[in-house]
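Report on the structure given below.
Residue numbers (the working numbering): 1 to 359.
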């Protein structure tokens, strides 16, 4: 593919954030449609093989775009061209914020990874809602919401509620992000009592219509914390969990330790988080009620990566770093490879493989 031989080498010479903005320009330009089209492989699976749902929302396939790629709802109408089954915007905060100082996004090519400390840079809930009020996109749309940096933890509930109310008319589901490592003290909201208060407040607000509400968690939670997550999810009745966000761990990287130290703080995504994310998916699927939806994300670059999370119990998946490294053909390539693996193992439909390793 042209992306691997020409486009990616050029993009990877640029600062990662600048490259992202260039990709955004290309993706949203009608003039670039022929270039994008020639980068997407032919579909090699039956039309209805991947039919599934996300907490009751029908999907054409289980591969979604994770939050962070389209923070301000600029690209979501165009992402259907890449083959996604659903798209998530954000993270959106109640207040507009510029995020952390640059540089704040870094590539680790030897590890097929990224480190980011973006800091929830976004235009704020009111402006994003105004953008969403335009023509609807073709795909189910999720709204990922987080806490504004300047908002004290004790006022976090009202902060999330503001964003929830602004975005609710325009999205199909919500994700409560309490797991980014780049907003000071945010991960304290994953502790049982504050998390329960936050999710209960959002659940009480969530009516007419009631939308699926998801919780996004970190891969760095220990056993006791994961058990608390399970209890809170059951007690508050949220629709599902997204597992997982980025990690603050740095163990086992191929990138030189001096470079990793120089980069400094931030959330690590990509291949290095894949195994831990799958472990968390497995734990949650074994311990959550069957009706609780589970989205697997972290380290998905090819069909084999996706297959691991599906067999571990994730009925839907999300990608971000894999898209950065794999380019516009990533989604269809993943689905083709995933279909090949499932057909090899005798599955007639995608849904038959979900949780196969837990039987």
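Backbone N, C-alpha and C define an ideal beta-carbon position, used for all residues, glycine too.
Non-local C-beta neighbours of residue 108 in its own chain, meaning closer than 6 Å and more than five positions away in sequence, comprise 255, ordered along the chain. Three or more beta-carbon pairs drawn from the segment 113 to 124 and the segment 260 to 273 are found closer than 8 Å, and the two stretches are therefore classed as touching.
Secondary structure of residue 89 (DSSP, three-state): strand.
Boundaries for residue 289: no beta strand (DSSP E) harbours it, and the DSSP string shows neither H nor E there.
Between the alpha carbons of residue 92 and residue 10 lies a distance of about 30 Å. DSSP, reduced to helix, strand and coil, places residue 14 outside both helices and strands of the structure shown, so it counts as coil. Residue 208 and residue 253 have their C-alpha atoms spaced approximately 47 Å apart. Here the alpha carbon of residue 95 sits roughly 13 Å from the alpha carbon of residue 155.
Look at residue 95 here: in three-state DSSP terms it is coil, with no helix or strand label.
Listed as beta-bridge partners of residue 173 by DSSP are 142. The segment 199 to 268 is shown to contain whole beta strand (DSSP E) runs of 3 or more residues at 213 to 217 and 240 to 243, in chain order. Of the residues assessed, residue 174 falls on the buried side of the cut-off, its CB having 16 or more other CB atoms within 10 angstroms. Residue range 63 to 65 is occupied by the beta strand (DSSP E) that includes residue 64.
Residue 139 places its beta carbon less than 8 Å from that of residue 87. For residue 106, the three-state secondary structure derived from DSSP is strand. Taken atom to atom, the span from the alpha-carbon of residue 188 to that of residue 231 is near 17 Å.
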